[in-house]
Amino acid sequence: MTETPNLFLPLLAPSQAQKHVTVNEALARVDGLARLVLASVTQATPPGAVTDGTAYGVPAGAVNAWAGQAGRVAVAINGGWAFVTPRRGWQAMIADQGVPAIWDGEGWRAGAVTLTPAGAGCALRSVEMEVDLITGASVTTQAIFPARSIALGVTGRVTQEITGDATAWSLGDEGDATRYGSGLGLSVNSWVNGPTAPMVYWSPTALEITGTGGGFTGGRVRLVAHFAELALPDPI
């Protein structure tokens, strides 16, 4: 055996010369894999400059130094890359999505908190969106809740002062314009924290931002939709 069975760390050979090289590589891999944080699992091109210890989940179609390494974890070590095959059940944080994930044997399940032997599971997600308020009485965002998601609530913060003759604003959806908040402030850092009793959106659903007592001429709001998703067992 030349590697450890779980983290694939290189082992010293009997009477090996320059033992420090092997030991240092093993330590570098541990440093990159322990408390695993993946910078991205969708980036297909290796970054031109990267800090040692940074890890990526290599996606299908990856190129250059990652070509042929789809499904593996790439760890930057000494100006190059070490590749490790994850085992089913490994957990990581996906930095550019802001969610934990579980490796299910074929891919990283973003937001997953459970994974059954047959592949079913539950995921918790928080999806962030910047919304520019254009001139008018209301603004409809792009769909932020996916189909069959179980909505838990929406939070948000004003990141650019809301202008116009509206005295406040409300946040909801097509069915209820104030579902997630009303009487909300216009100044920078005003916030909304709108939990809701869990409800299912059966189709992709947008949010509605509506002015109170008037309309908008500008401003920007950062909204975050919080929801759960269920995954089917694998086909037989």
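All letters in the sequence shown, in the order written, are residues 243 to 478 by this note's numbering. Don't be surprised by glycine CBs; every beta carbon is placed ideally from N, CA and C.
| Item | Value |
| --- | --- |
| Less than 7 Å between the C-beta atoms of Gly299 and Ala379, yes or no? | no |
| Does DSSP put Val292 in a helix, in a strand, or in coil? | coil |
| Pick helix, strand or coil for Asn431, following the three-state DSSP scheme. | coil |
| Ordered along the chain, which non-local residues of its own chain (more than five positions away) have a Cβ less than 8 Å from that of Gly427? | Val400, Ala410 and Trp433 |
| Taking 6 Å as the limit between beta carbons, can you name the residues of its chain near Gln333, skipping five residues before and five after? | Ile344 |
| Quick check on this structure: which residue in Leu366, Gly347, Asp294 and Asp338 has the alpha carbon closest to the alpha carbon of Gln285? | Asp338 |
| Please work out which residues of its chain come closer than 7 Å, Cβ to Cβ, to Gly456, disregarding the five sequence neighbours upstream and downstream, and give them in chain order. | Gly406, Asp407, Ala408 and Thr409 |
| Since Ala389 and Pro475 should fall inside the 8 Å C-beta cutoff, what is the C-beta to C-beta distance between them, to a whole number of angstroms? | The pair is not a contact, with the Cβ atoms about 19 Å apart (cut-off 8 Å). |
| Does the beta-carbon of Asp415 have 16 or more other beta-carbons within 10 angstroms, so that it is buried, or is it exposed? | buried |
| Ser368 and His468: beta carbons closer than 7 Å? | yes |
| Extract the residue ranges of the beta strand (DSSP E) inside the stretch 265 to 334, only unbroken runs of 3 or more that lie entirely within it. | 297 to 299, 315 to 319 and 322 to 326 |
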